[in-house]
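Encoded as structure tokens, the structure appears first; notes follow it.
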Amino acid sequence: MTPRGVDLIVKGGRVVTASDVVDASVAIKNGRIVALAPEEFLPPADRVIDATSKLVFPGLIDCHLHVGPEYDDWKVSAQAAARTGLTTIVPFVNYLAGETLPQATRRLREEAEANASLDFGFHFILEHEPAILDGLAEAVRLGVRSFKMFMTYKKRGKRMVSDEFLCKAMERIAALDSVCQIHAENGDILCYLEDKAIAEGRTKPTDFPATCPDWAEEEAINRAILIGRLTGCPVYIVHLSTRLGLERIQRAQAEGQRVWTETCPQYLLLSDEEMAKLGPFAKIGPPLRPAHGRDREAM
């Protein structure tokens with residue numbers, strides 16, 4: 629390769645960027661995209677790939693998956709991701725009982741380095757354990773920049789955090805220039821509705837979505853946004869499923885707040901009709917929404 633050349637050119641394809649799809653060629657050097665232009669304007673390359681009639685994407689990142697004993701391990705997750713064109717995975721991970729965040733970070737990094745065939749990162753799940761927050765700064769120094777908390781799952785031990793805990797955690801996360809991810813559903817409301825349904829004998833899979841109404845998601849999103857504003861913490865709402873929630877996020881964004889969201893394939897492709905077909909296998913939180921209506925249209 630000449631000093632001014634590049635390692636690779638992908639030519640003739642339709643390049644997908646963050647904002648457009650354009651006819652162009654891509655020049656890559658030392659693993660990085662260095663130019664996007666018609667081929668005749670690019671430097672010589674050691675290798676050329678003809679992508680005529682194909683879409684060309686940058687390396688794709690899966691930032692919403694789980695790795696652990698009850699899920700796929702690092703080896704399987706990375707291999708499956710690579711086969712679908714992903715280059716980086718950033719799963720949600722947990723610390724073990726008695727571990728500090730720095731200890732868990734080092735343990736998980738060793739596991740991933742030994743088994744993952746792709747680049748990786750971590751989203752650490754924080755449970756309602758005030759002492760765990762003492763390790764945030766060191767975990768960030770070790771490379772973790774994203775932490776997730778749950779505003780629901782009241783019956784699952786320490787999984788659901790209080791508003792006070794959320795405030796304290798988000799204040800520290802903001803000071804460390806990191807991001808707080810939120811599973812936003814009102815856990816107290818969902819617990820009440822679940823207990824009421826059980827008491828009334830409404831325990832079939834098809835009864836489940838009614839115990840997780842769209843407004844309970846929107847209410848939690850609103851609280852998360854307000855706490856984010858109070859603490860100056862960036863907020864990322866995971867697996868959005870409702871129009872009400874989306875509209876609240878859009879209002880916050882219009883006001884200049886750092887709030888982002890995502891949805892997931894199940895909310896785009898499936899509906900609450902799956903509860904009758906698949907029973908408990910279709911039980912997720914937030915639940916699948918109606919096939920026709922404001923939530924599906926918003927997604």
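Start counting at 1 in the sequence shown, then tack on 628, and there's your number in the working numbering.
In this text, a Cβ means the ideal position worked out from N, Cα and C, and glycines have one as well.
Predicted model, so just to flag it, every value in this text is computed and none were measured.
| Query | Result |
| --- | --- |
| According to DSSP, residues forming a beta bridge with residue 641 | 652 |
| Cβ neighbours of residue 700 in the same chain (closer than 6 Å, five flanking residues each side left out) | none |
| Beta carbon of residue 720 nearer than 7 Å to that of residue 756 | no |
| Coil, strand or helix - residue 699 by DSSP | coil |
| Cβ-based neighbour list, residue 684, same chain, cut-off 7 Å, excluding 5 preceding and 5 following | 638, 641, 642, 643, 644 and 654 |
| Residues sharing a beta bridge with residue 716, DSSP | 689 and 747 |
| Anticipated Cβ contact below 8 Å, residue 840 with residue 915, distance rounded | 5 Å |
| Anticipated Cβ contact below 8 Å, residue 780 with residue 754, distance rounded | That belief does not hold up - the Cβ atoms of residue 780 and residue 754 are roughly 14 Å apart, past 8 Å. |
| Assigned exposure category for residue 843 - 16 Cβ within 10 Å defines buried | exposed |
| Pairwise C-alpha distance: residue 845 and residue 658 | 44 Å |
| Pair within 7 Å by beta-carbon distance, residue 889 and residue 865 | yes |
| Cβ pair count under 8 Å reaching 3, the segment 875 to 887 against the segment 824 to 839 | no |
| DSSP three-state assignment for residue 809, whether helix, strand or coil | strand |
| DSSP bridge partner residues for residue 677 (one or two, in chain order) | 638 |
| Among 775, 910 and 763, the one whose alpha carbon lies nearest that of residue 832 | 910 |
| Three-state class that DSSP yields for residue 922 in the structure shown | helix |
| Beta-carbon gap between residue 708 and residue 746 smaller than 7 Å | no |
| Residues near residue 664 by beta carbon distance below 7 Å, same chain, minus five either side | 643, 652 and 654 |
| DSSP state of residue 664 mapped onto helix, strand, coil | strand |
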